[in-house]
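Below is one structure, written out as C-alpha cells; the observations come after it.
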Amino acid sequence: MSLTMQEALSALQGFFGFAEFRKGQREVIETILAGQDSVVVMPTGGGKSLCYQLPALMREGATVVVSPLIALMKDQVDALQARGLPATFVNSSIDFEEQKARINGVRQGSYKLIYVAPERFRSQHFVETLRGANVSLFAVDEAHCVSTWGHDFRPDYLRLKAVIEEIGRPQVVALTATATPFVREDIIEQLGLKNPRAFVSGFDRPNLSIRVAHTQKEREKIAHIKTLAAQSGSGIIYASMRKSVEQITARLREARLNVVGYHAGMEESERTRAQDEFMSGRAQMIVATNAFGMGIDKPDIRFVTHYQMPGSIEAYYQEIGRAGRDGLPSTCLLLFNYADKRTQDYFIEGSYPPPETIAKIYEALAGTNLQRIELSTREIAARAGIRNDMAVQSALIVLEKAGHIERGAAGENRAKLRLLVSSPQARAHVEAGRSTRDKQTLFALLGGYELNQRADIEVDVADFAETLGIDLAAARRALTSLTAAGILSYQPARRTRGVLMLDDPPARQLRIRPQDLARRAALEQRKLREMINFCYTEDCYRAFILDYFGDRQHAKQCGTCGNCRRENKAAAATFVEPRSQTISAPLDPPSTLDRFVREHSPFALDLETELDERSRLRRTREEAEQELAREIASVGEQVNINEARELDTDETLRVRKILACAARMDGRFGKGILASTLRGSASAKIKQSRLDQLSTYGLLSDMSQDEIMIYIDALVSADCLHTSSGAYPTISLAALGKDVMREQKTVRLALPRVPSDTRTINPTARANYGKPSAGAPPQISTVDETFAFYQAGMTIEEIVEQRGLTAQTIEGHLADAILAGRPFDISQYVSDQDRALIDATIDRFGHERLKPLRDALPRHITYRMIRFVVAERQRVESQR
C-alpha cells in the first residue's frame with residue numbers, strides 16, 4: 000500500500016518534531032514513497048538527509064546509507080538515536096566485537112537505517128548479510144563521489160552498482176550538494192538508476208553575506224581574516240594546498256589568533272584533535288583543505304573564508320554552505336588573486352592526464368610482472384618517468400574505470416610472512432609455552448595459508464582476523480609476538496594502496512577513450528572560467544550563483560552581498576565576458592560555426608556539444624545559441640585588429656629584452672636568428688655562432704618563434720630596429736630602440752593583445768588575437784604568476800613543481816622581476832661575499848655573456864646567482 004503525504008506529515012511531526020517540510024523536501028519524499036529512483040541536489044545544510052530518513056522510518060524493510068566519512072555517519076546516527084530511532088553505523092571506528100554485534104542486528108532486522116562506508120562492501124560476508132536483511136532503499140549520500148576524479152577519488156564507489164544488484168536491486172536515491180548536469184548523468188550511469196527523477200532546489204541561503212575581496216599580497220589576506228576574527232565567532236578558512244594550510248596557520252598564530260590546521264596529509268590522530276578543538280569551540284578558526292567539512296554539523300560557524308579561489312562554483316557553494324546553519328547572519332569572503340588560477344590549472348592538468356601518460360604508467364605496472372603490486376604513487380611515478388604524482392593517481396583511476404586494474408582492494412592490509420624455523424619446530428615451540436592466541440594464529444597460518452621457509456606469503460591481515468574471530472589489532476599483536484619469538488618474519492602491510500592487475504593487453508590496446516578525458520577537462524576549465532567570472536562580476540553575487548544552479552526564482556539583487564552593498568566596488572575590477580555584448584544576428588550555418596568553434600573556442604569542442612552543454616547551464620537552447628553567437632561575434636571582432644597602442648608592463652619588458660639581444664648581436668644576424676636566440680633554440684647555427692653564451696639567450700623561452708617575430712616586426716615598423724638591404728638582411732638596434740631599451744623613451748606598437756590563458760587556442764588564432772573587450776580582467780603575465788608564487792614564500796624548486804616549467808625559465812622570470820624593480824631579496828640566493836666576487840668579475844668581463852662569468856668564478860657560484868646579480872646591475876644601469 001502506497002503511503003500518502005498526509006501520513007508523511009504526521010510521521011515528520013512524530014519522528015522529528017517538525018510541523019512542515021522545508022523547501023524542496025516534499026517533492027523528493029513523495030517520489031521516494033512512490034518507489035521511484037531519484038537524484039537529489041540540495042546545498043549543504045538544505046535538508047537532504049531527511050529526504051531518505053523519513054521514508055526509511057515509514058516503509059517496510061531497512062535502508063542502507065552509503066556515506067564517505069566516519070564523522071558524518073556518527074553525527075547522523077547519534078542524532079537519530081537521541082530521538083529513539085533505530086539507526087546504527089558499521090565502520091572501522093568500532094571494535095571487531097561491536098561490528099559483529101551490529102551486523103547481527105542488521106540480519107535480525109533491529110535497525111531501519113544502517114550507515115556504512117563504501118569500503119565496507121569489499122566484505123562479501125557483509126554483502127550476503129544485506130541480501131538477507133530485506134533492504135528496501137539504498138541511499139548514496141555525497142553521491143558526487145561516484146563521479147569524482149583526481150587525488151580524492153574513492154574507488155569503492157565503483158562497486159556500488161554491482162552491490163545494489165547483489166542485494167536484490169532495492170530502490171535507489173542519490174543525494175549530493177554539488178552536481179552539474181554532466182555529473183548528474185554520470186551518477187545515474189555509475190549507480191544504474193532506473194528512470195530517475197532529478198530534483199535541484201534549496202540553493203538560496205539568505206542569511207549568507209557573500210563578498211569577494213581582490214587582493215595582491217599575502218598580508219592583505221591575513222588582514223581580512225584578522226578583521227573577520229575580531230568581528231565574528233568561529234570560522235573556516237579554506238586553502239587549496241596542504242602547504243598553504245600550514246603557512247596560513249603559522250601566520251595566524253603569529254598574530255595571536257586561536258587557530259588549528261587540518262589537511263589529509265596529517266596523521267589521523269592530529270586531524271581528529273584539530274577537528275575536536277574546532278567543533279568544541281576551543282579553537283576559533285580552522286584552516287583546512289577541502290578534506291574538512293563534509294558531514295560536519297556545527298551550526299554556529301559565523302564565517303567561511305577562501306584564501307584562494309576554488310576550482311568551481313559547485314565547490315565554492317558547498318563549502319560556504321557550512322556557515323550559518325543556525326539561520327543567523329554569516330559572512331562568506333573569497334580572497335581573490337588571479338594568480339591563484341594557476342593552482343586550479345595544475346589540479347585540472349593532474350586530474351586528466353594525456354593518453355601517453357596513462358600508457359607509461361600502465362607499462363610501469365605491467366613491467367613488474369606481478370599480479371598484485373605494492374608501490375606508492377611516488378614509486379610508480381619514478382618507474383614511469385612522470386613528475387606529477389597527481390597525474391599518476393588520476394591515470395590509475397582511468398585504468399581502474401576501464402577494468403584493467405583494481406586499486407585499494409585486499410592489498411591495503413596485506414602483510415608478508417615467512418616461517419623462520421621448520422614447521423614441526425614452530426608447532427613444538429608454541430605448544431611449549433606460547434599463549435593460546437599465538438597457537439591459534441600459527442596453526443591457522445600453517446593450515447590455511449601454506450606458511451613456509453622458502454618464500455614470503457602475502458596475507459590480508461583483516462581477512463585473517465575475521466577468520467579467527469578476533470579484531471585487527473589483536474591479529475597484529477599475535478603476529479608481532481611470533482616474530483619476537485623468532486618463529487616468523489613479519490613485514491606489516493604498507494600504507495600504500497595496492498594495485499591488482501586484472502588483465503595485460505599491450506598499452507596501445509587499452510580500453511580508454513581520450514576524447515572522454517578531453518571532454519571532462521574542458522568541462523572543468525569551463526567551471527573554472529565561471530568561477531573567475533563570479534569573482535569579477537559587478538552584479539549580485541547571490542543571483543549569479545542561483546542562476547548558475549538553474550534556480551530562477553530569485554530577486555536580481557539580494558541586498559546583502561558585497562556588490563549589492565557596494566562595499567568593495569572601488570577595489571573590485573570589472574569583468575564583462577564577450578557574450579554580454581548585444582547582437583541580433585542569427586547563427587551562421589553550422590559548418591562554418593563548427594569550424595570557427597574548433598579554431599577559436601577555449602574548449603575545442605564541436606558545435607553541438609558546446610551548445611548542448613551551454614543549454615544545460617543556461618535557460619533554454621535558444622539562449623545558449625544566442626550566448627555562443629555573441630561570444631563568436633566578439634572573437635571575430637577581435638581578430639586582426641592590431642593598431643598601435645601603449646604596452647603593459649610585461650610587454651614592455653619583452654620589448655626591452657628583444658632590443659637588448661639585438662644590441663648584443665651588433666647587426667650580424669637576421670630576424671630569424673634573433674628570435675631563435677631569444678627563444679633559447681639549441682640549433683647548430685646558434686651554437687656555432689656562440690649565441691647561446693649571450694646573457695639574453697633564452698630570455699623569451701615562454702614564447703613561440705612566431706610570437707617573437709610579431710614583436711620584432713612591430714619594432715621594425717616603429718623604427719626601433721633597422722633591417723639592412725640586400726638578399727640576406729640583418730637587423731640592428733636603431734637610435735629610438737636604444738632609448739627605449741634604456742627606458743629613456745616609450746613606444747607604441749601594433750601588437751595583438753594575447754589573453755592571459757590562450758594555451759588551448761590554436762597558434763594562428765593566438766597570434767592574431769585582437770584587443771579585448773572593455774573591462775576584461777587584468778592580463779596576468781607568466782612573470783606575474785611566477786612572482787606571485789615567490790611572494791607567497793615558495794622556493795624556486797617549489798615554483799618549478801607548481802608551474803611545470805624548468806628552473807632556468809623560473810629564474811629568468813625572477814630576473815625579469817628584478818629588472819622591473821619589483822621587491823626581491825637577492826640576499827636569499829647570493830651572499831654579500833659572493834656578490835662582491837660576481838660584481839668584480841662583471842667589471843672585468845661585462846655581462847653580455849654569462850658563460851665567461853661562470854668560467855671565471857669559483858665553482859660554487861651558480862648561473863642562478865650570476866643571473867640575479869646581472870639583472871640587478873642592469874636595473875641600476877637603466878636608471879642612470
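By numbering that gives the first Met the number 0, the letter at position 353 of the sequence shown is numbered 352, and the numbering carries on one by one without gaps. Think of the CB as a built atom: it goes at the ideal place given N, C-alpha and C, for glycine as much as any other residue. These numbers were taken from a predicted model, which means no experiment stands behind them.
Q) Quick one: what does DSSP say residue 539 is sitting in, helix, strand or coil? A) Taking the first residue of the sequence shown as 1, we reach residue 539 at position 540. When secondary structure is reduced to three states using DSSP, residue 539 falls in the coil class, being assigned neither helix nor strand.
Q: Specify the secondary structure class of residue 367 as computed by DSSP and reduced to three states.
A: Taking the sequence shown and counting its residues from 1, one reaches residue 367 at position 368. Coil, per DSSP.
Q.
Restricting to runs no shorter than 4 residues, where is the alpha helix (DSSP H) found entirely within the stretch 215 to 265?
A. Scanning the stretch 215 to 265 for uninterrupted alpha helix (DSSP H) segments of 4 residues or longer gives 217 to 230, 241 to 253, listed from N- to C-terminal end.
Q) Taking C-alpha atoms, which residue in 561, 101, 477, 365 lies nearest to residue 500? A) The residue given as residue 500 occupies position 501 in the sequence shown. Ranked by Cα distance from residue 500, the first of 561, 101, 477, 365 is 365.
(Q) Taking its Cβ as the centre, do 16 or more other Cβ atoms sit within 10 Å of residue 792, making it buried, or is it exposed? (A) Numbered from its first residue, the sequence shown carries residue 792 at position 793. By the neighbour-count rule (16 or more Cβ atoms within 10 Å), residue 792 is not buried but exposed.
Q: May I have a chain-ordered list of the beta strand (DSSP E) segments no shorter than 3 residues that lie completely inside the stretch 136 to 176?
A: Qualifying beta strand (DSSP E) stretches, in chain order: 170 to 175.
**Q.** residue 117 to residue 12 span [Cα, whole Å]
**A.** On the sequence shown, residue 117 is found 118 positions in, with the first residue counted as 1. On the sequence shown, residue 12 is found 13 positions in, with the first residue counted as 1. In a straight line, the C-alpha of residue 117 is about 32 angstroms away from that of residue 12.
Q) Can the beta-carbon of residue 295 be found less than 8 angstroms from the beta-carbon of residue 321? A) Against the sequence shown, residue 295 aligns to sequence position 296. Against the sequence shown, residue 321 aligns to sequence position 322. Less than 8 angstroms separates the beta-carbon of residue 295 from that of residue 321.
Q: Enumerate, from N- to C-terminal direction, the unbroken alpha helix (DSSP H) stretches of 4 or more residues contained entirely within the stretch 24 to 78.
A: With a minimum length of 4 residues, the continuous alpha helix (DSSP H) runs that stay inside the stretch 24 to 78 are 24 to 32, 47 to 57.
**Q.** Contact belief for residue 186 with residue 173 at Cβ below 8 angstroms, rounded distance in angstroms
**A.** Residue 186 sits at position 187 when you count from the first residue of the sequence shown. Residue 173 sits at position 174 when you count from the first residue of the sequence shown. Contact between residue 186 and residue 173 holds: their C-beta atoms lie close to 5 angstroms from each other, under 8 angstroms.
Q: Measure from the alpha carbon of residue 38 to the alpha carbon of each residue in 142, 810, 113, then state which is nearest.
A: The residue you call residue 38 lines up with position 39 of the sequence shown. That would be 142, whose Cα lies nearest to the Cα of residue 38.
Q | Distance between residue 546 and residue 404 (C-alpha atoms, nearest Å) | A | Against the sequence shown, residue 404 aligns to sequence position 405. Against the sequence shown, residue 546 aligns to sequence position 547. CA-CA distance, residue 404 to residue 546, rounds to 41 angstroms.
Q: With distances taken Cα to Cα, identify the nearest neighbour of residue 850 among 414, 732, 873, 686.
A: Here residue 850 refers to the residue found at position 851 when the sequence shown is read from its first residue. Ranked by Cα distance from residue 850, the first of 414, 732, 873, 686 is 686.
Q: With a floor of 3 residues, list each beta strand (DSSP E) that falls wholly inside the stretch 326 to 407, ordered by position along the chain.
A: Qualifying beta strand (DSSP E) stretches, in chain order: 329 to 335, 404 to 406.
**Q.** Residues near residue 48 by beta carbon distance below 7 angstroms, same chain, minus five either side
**A.** Indexing the sequence shown from 1 puts residue 48 at position 49. Only 75 meet the Cβ criterion.
Q) How would you call residue 395, buried or exposed, if buried means at least 16 neighbouring beta carbons within 10 angstroms? A) Along the sequence shown, read from residue 1 onward, the residue named residue 395 stands at position 396. Its Cβ being crowded by 16 or more others within 10 Å, residue 395 is buried.
Q) Pairing CB atoms from the stretch 58 to 77 with CB atoms from the stretch 126 to 142, are three or more of them under 8 angstroms? A) They touch, by the three-pair rule.
Q. Taking 7 angstroms as the cut-off, does the CB of residue 288 come closer than this to any heavy atom belonging to the ligand NAD?
A. This structure simply doesn't include the ligand NAD, nor any ligand for that matter.
(Q) My output table needs one value for residue 716: the three-state DSSP class, helix, strand or coil. (A) What you label residue 716 is simply residue 717 of the sequence shown in a count that begins at 1. Correct three-state label for residue 716: helix.
**Q.** Nearest residue (CA-CA) to residue 512, options 28, 419, 450, 398
**A.** Working through the sequence shown from its first residue, we reach residue 512 at position 513. Nearest option by C-alpha distance: 398.
**Q.** Member of 9, 834, 40 whose CA lies at the smallest distance from the CA of residue 195
**A.** Residue numbering aside, residue 195 sits at position 196 when the sequence shown is read from its first letter. Checking every option, the nearest Cα to that of residue 195 belongs to 40.
Q: Return the Cβ separation of residue 672 and residue 656 in integer angstroms, given the expectation that the two are a contact with Cβ distance under 8 angstroms.
A: Here residue 672 corresponds to residue number 673 of the sequence shown, with the count starting at 1. Here residue 656 corresponds to residue number 657 of the sequence shown, with the count starting at 1. Between residue 656 and residue 672 the Cβ distance is about 15 angstroms, and since that is not below 8 angstroms, they are no contact.
Q. If residue 201 sits next to residue 300, beta carbons under 8 angstroms apart, how far is it from one beta carbon to the other, in whole angstroms?
A. Along the sequence shown, read from residue 1 onward, the residue named residue 201 stands at position 202. Along the sequence shown, read from residue 1 onward, the residue named residue 300 stands at position 301. So it is not a contact: roughly 18 angstroms between Cβ atoms.
Q. For residue 8, does the three-state DSSP call read helix, strand or coil?
A. Residue 8 sits at position 9 when you count from the first residue of the sequence shown. It is helical.
Q. Where DSSP assigns a beta bridge to residue 459, which residues make up the other side?
A. Position 460 of the sequence shown, counting from 1, holds the residue named residue 459. Beta-bridge pairing links residue 459 to 413.
Q.
Tell me which residues share the same chain as residue 663 and place their Cβ nearer than 7 angstroms to its Cβ, disregarding the 5 neighbours each side in the sequence.
A. As a position in the sequence shown, residue 663 is number 664, starting the count at 1. Excluding its 5 nearest sequence neighbours in each direction, residue 663 has C-beta neighbours in its own chain below 7 angstroms: 693, 695, 847, listed in chain order.
Q) Who pairs with residue 199 in a beta bridge, going by DSSP? A) By one-based count along the sequence shown, residue 199 stands at place 200. Answer by DSSP bridge pairing, in chain order: 40.
Q) Cβ atoms of residue 303 and residue 918: under 8 angstroms apart, would you say? A) Residue 918 cannot be examined here, being either before or after the span of the chain that is shown, 0 to 879.
(Q) Beta-carbon within less than 6 angstroms of residue 832's beta-carbon, same chain only, minus the 5 sequence neighbours each way: which residues are those? (A) As a working note, residue 832 is residue 833 in the sequence shown. Taken in chain order, the list of residues that qualify is empty.
Q | Cβ neighbours of residue 376 in the same chain (closer than 7 angstroms, five flanking residues each side left out) | A | In the sequence shown, residue 376 corresponds to position 377, counting from 1. The beta carbon of residue 376 is closer than 7 angstroms to those of 388, 391, 392 in its chain, skipping five residues each way along the sequence.
Q) Where does residue 846 sit, in a helix, a strand or coil, going by DSSP? A) In the sequence shown, residue 846 corresponds to position 847, counting from 1. In this structure, DSSP gives residue 846 a state outside helix and strand, which the three-state scheme calls coil.
Q | Backbone secondary structure at residue 553 - three-state DSSP | A | On the sequence shown, position 554 is the one that residue 553 refers to. Correct three-state label for residue 553: coil.
Q | Distance between residue 649 and residue 677 (C-alpha atoms, nearest Å) | A | Working through the sequence shown from its first residue, we reach residue 677 at position 678. Working through the sequence shown from its first residue, we reach residue 649 at position 650. One C-alpha to the other measures close to 15 angstroms.
Q.
Measuring only the C-alpha atoms, how far is residue 130 from residue 433?
A. Taking the first residue of the sequence shown as 1, we reach residue 130 at position 131. Taking the first residue of the sequence shown as 1, we reach residue 433 at position 434. Each residue's Cα considered, the two are about 41 angstroms apart.
**Q.** C-alpha gap between residue 17 and residue 32, whole angstroms
**A.** For the purposes of this step, residue 17 is taken as residue 18 along the sequence shown, with counting starting at 1. For the purposes of this step, residue 32 is taken as residue 33 along the sequence shown, with counting starting at 1. Each residue's CA atom was taken as its position, placing residue 17 and residue 32 some 19 angstroms apart.
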